[in-house]
Amino acid sequence: MTSSTIEIEISEFHWQMEMLQSIDAGLVVLDRNYQVKLWNSFMENHSGLRSGDVRDQSLFSLFDCLPEVWLRRKIETVIKLNNRAFTTWEQRPYVFEFDNNRPLTGMSPVMYQNMTIIPLPAPTGEVEHVCMIVYDVTDVAINKLQLREVNAELEHLSRTDRLTQLFNRGYWEEQLDKEFSRFKRTGAVSSLVMFDIDHFKKINDTYGHQAGDEVIREVSRWVRKVARTTDVVGRYGGEEFAVILLNTDAAQARYFSERLRRRIEEGLVSYEADEIKFTISLGVAEADSHMESYEDWLQLADKALYQSKNNGRNCLTVADCPLNLAD
100 MTSSTIEIEI SEFHWQMEML QSIDAGLVVL DRNYQVKLWN SFMENHSGLR
150 SGDVRDQSLF SLFDCLPEVW LRRKIETVIK LNNRAFTTWE QRPYVFEFDN
200 NRPLTGMSPV MYQNMTIIPL PAPTGEVEHV CMIVYDVTDV AINKLQLREV
250 NAELEHLSRT DRLTQLFNRG YWEEQLDKEF SRFKRTGAVS SLVMFDIDHF
300 KKINDTYGHQ AGDEVIREVS RWVRKVARTT DVVGRYGGEE FAVILLNTDA
350 AQARYFSERL RRRIEEGLVS YEADEIKFTI SLGVAEADSH MESYEDWLQL
400 ADKALYQSKN NGRNCLTVAD CPLNLAD
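With the numbering used here applied, the sequence shown closes on residue 426, and no number is skipped along the way.
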């Protein structure tokens, strides 16, 4: 080998090393004992540890916070299969707990990372080293997380009644349709409660529409307190509300309804200088095999509600099943 050839190889080695040092990603080469053999400038800058200080040191002795069991399993799989492996920030937000120094995504205290682990076979074909490439994907991760938050908020707004923060009619009816389909498929009992505020027009005429809005909001707060987390509560329209009681028969639904009726009858709404007393009327219907659609179920509960109105209000009616819906 001539001196010029040696000089060329040394030159190539130097620029290759310069490229490895300057690349905007972390490069870590480990041997089979997890000792560090290469530690580039990216890793120096973000860890605070210089290459000379980490060389031939165990990676896990340098970083107590590393997910050791998980990372060992990943690396051993790469060595055994002689095939690269990947991990993304969505699977694990980061491997190395580095501070996030990007000004545009300063809302995140840590650097989100993707990582690739590459086997480095020796001339014999045996994998004696692996290379870990650590990518800073904080900008991408934060943008995606923000987009998810925006979409989640839009979804919440699309299904929520603004005044009461209960489900709006459209979304609530979708849930009723799903629950009826579940009932037809499994036979699991469920009941439906429809109720509205008695003489609500008189409340608006006497105290004003803003007072009426406060009455509606207070009813929504009371029904949330009485309902279980599994119950589906919605504002059906105006002063009318609806509740889907999952795994609840008519007798249990009657107990729920009577409890709610008494709660509202005994309470009052304070608005400015006025104290407003009011009551509700309720209709209860248990799902029945004679029903052909969720609309039949809804109509049955609605008829029971109007029966309560005809009986003098401030009471509840449990519909008999099957009921002639054409009446």
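By construction, the Cβ of each residue, glycine as well, lies at the ideal position given by its N, Cα and C atoms. These numbers were taken from a predicted model, which means no experiment stands behind them.
Our contact map puts residue i next to residue j with C-beta atoms below 8 Å; I'd like the distance itself, whole angstroms only.
i	j	result
L415	E357	6 Å
V417	V383	4 Å
L262	I217	No, L262 and I217 are not in contact; Cβ-Cβ is about 58 Å, not under 8 Å.
P220	N182	Not a contact, Cβ separation roughly 11 Å.
S289	I343	7 Å
I375	I302	6 Å
N199	V209	6 Å
What span of residues does the alpha helix (DSSP H) with residue i cover, start to end?
i	result
H255	T237 to R258
T427	There is no way to answer for residue 427, as the model of the chain reaches only from 100 to 426.
F393	The question names Phe, but residue 393 is Tyr in the sequence shown. Counting along the chain, the alpha helix (DSSP H) containing Y393 begins and ends at Y393 to N409.
A352	A349 to E365
E278	R268 to T285
T416	Per DSSP, T416 belongs to no alpha helix (DSSP H); it is in the beta strand (DSSP E), L415 to V417.
I302	F299 to Y306
S160	L158 to L161
Looking only at its chain, what residues have a beta carbon closer than 7 Å to the beta carbon of residue i, apart from the 5 residues adjacent to it on each side?
i	result
E364	T378 and N413
T204	Note on T204: pLDDT 49, under 50, position unreliable in the model; the coordinate value appears next. So the qualifying residues of the chain are T237, D238 and I241.
S407	S380, L381, G382, C414, L415 and T416
M390	W396
V325	F355, R358, L359 and R362
D167	Just to set this straight, residue 167 is Glu in the shown sequence, not Asp. Counting only Cβ-Cβ distances below 7 Å, and skipping sequence neighbours, we find F159.
On a Cα-Cα basis, can you pick out the residue from the options that is closest to residue i?
i	options	result
M293	C230, E143, T329 and R353	R353
L397	Y335, V368 and R362	Y335
L129	H145, G366, G147 and L161	L161
Y393	K243, E278, N199 and F159	E278
R320	R362, A349 and A310	R362
A386	S280, L265 and L244	S280
G328	A251, E317, G311 and N346	Inspection of the sequence shows that residue 328 is occupied by Thr rather than by Gly. Checking every option, the nearest Cα to that of T328 belongs to N346.
F185	E143, A251 and V233	V233
Please state if the CB of residue j and the CB of residue i are separated by a distance shorter than 7 Å.
i	j	result
R149	V135	no
E313	Y270	no
T187	N213	yes
F299	E339	no
For residue i, which residues from the same chain have a beta carbon less than 8 Å from its beta carbon, with the 5 sequence-adjacent residues on both sides left out?
i	result
N132	S157
V229	V128, L129, I174, V177, I178, I216, I217, P218 and L219
N409	none
Q351	S290 and L344
I122	N139 and F141
In terms of residues, what are the limits of the beta strand (DSSP E) holding residue i?
i	result
M210	That residue, M210, is in no beta strand (DSSP E); it is neither H nor E in DSSP.
A326	No beta strand (DSSP E) holds A326; DSSP gives it neither H nor E.
M293	S289 to I296
S369	V368 to Y370
W138	V135 to W138
S150	That residue, S150, is in no beta strand (DSSP E); its alpha helix (DSSP H) goes S150 to V153.
Go through its chain and collect everything with a Cβ distance to residue i's Cβ below 6 Å, but skip five positions before and after it.
i	result
G286	none
P192	Y211
D419	none
F282	S289 and A386
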